[in-house]
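Residue numbers (this note's numbering): -11 to 216.
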């Protein structure tokens, strides 16, 4: 007679090579029957959530500019917002002081038009280099500083962005600067190569970028759109 543990009743162990067949009814089992488990229940659950993007307003006591810390994907980008040509020139000189080759994220925003016969000029130019971002409010600036013009025309720098060719054409059309042969369009590649993708809510992208004072939400979006 074979017991439920697979050993003969006389106590001699059955060799492992000999198959043992046990036929027991459900009522004869003292242990609960095995529970059927779906494989998917055993696999770790992975929840994908949108990246956390935060902004800290430094609230500087100046009319000429303000600064922010925009944090996303674990990176904190020190962001300067200004319409002052002097502040923009200082930013360029600090970034380009060594004259080395730079890869510059670039984006442009302007007021949306709902009339095909009306086109508004570029309102902001965003540049991002090494976790530093400049949001230059072109539309409120008395002039475009020469250092900025030279920086964008420098063939030693590579400018990248999604739809960058259209942005540079917009700058050239509205302000007669912005041409650069070293422009690389990252359309479709930012999320694939950099593994970074952010939401583009219409209430922000279609907002009034020509306002004199940008909201923190606009600053956050403008910074991220240039850096991603």
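Note that the Cβ used here is the ideal one computed from N, Cα and C, for glycine as well.
- In chain order, 54 and 55 place their CB closer than 8 Å to the CB of residue 48, counting only its own chain and leaving out the 5 sequence neighbours on each side.
- For residue 97, the uninterrupted beta strand (DSSP E) segment begins and ends at 91 to 98.
- Look at the beta carbons and you see the segment 152 to 169 not touching the segment 55 to 75: under three pairs across the two are nearer than 8 Å.
- Proximity to residue 210 across 44, 95 and 130 peaks at 95, based on C-alpha coordinates.
- For the set 110, 83 and 118, the Cα lying nearest the Cα of residue 155 is the one of 110.
- Under the rule that a run must span 3 or more residues, the beta strand (DSSP E) segments found entirely inside the segment 67 to 147 read 91 to 98, 110 to 117 and 120 to 124.
- A direct Cα-to-Cα measurement between residue 194 and residue 82 gives close to 32 Å.
- For residue 216, DSSP records no beta bridge to any residue.
- Put simply, the backbone Cα of residue 174 is about 16 Å away from that of residue 145.
- A direct Cα-to-Cα measurement between residue 90 and residue 106 gives close to 36 Å.
- The alpha-carbon separation between residue 138 and residue 67 amounts to approximately 21 Å.
- With a cutoff of 8 Å on beta-carbon distance, residue 187 and residue 108 are scored as not near each other.
- Shown here, residue 43 sits in a strand according to DSSP, grouped into three states.
- In the assembly as shown, residue 119 is an exposed residue. Its beta-carbon has fewer than 16 other beta-carbons within 10 Å.
- Going by C-alpha positions, residue 149 is about 7 Å away from residue 172.
- Annotation for residue 193: the continuous alpha helix (DSSP H) segment containing it runs 190 to 193.
- With a 10 Å radius around the Cβ and a threshold of 16 neighbouring Cβ atoms, residue 112 comes out buried.
- In the three-state scheme derived from DSSP, where H, G and I count as helix and E and B as strand, residue 63 is classed as strand.
- Under a 10 Å Cβ-count criterion, residue 158 is classified as buried, with 16 or more other Cβ atoms of the shown protein chains found around its own Cβ.
- Beta-bridge analysis with DSSP links residue 166 to no other residue.
- The C-beta distance from residue 114 to residue 127 rounds to 13 Å, too long to meet the 8 Å contact threshold.
- By the criterion of a C-beta distance shorter than 8 Å, residue 76 is surrounded in its chain by 70, 122, 124, 129, 133, 135 and 136, once the five residues flanking it on both sides are discounted.
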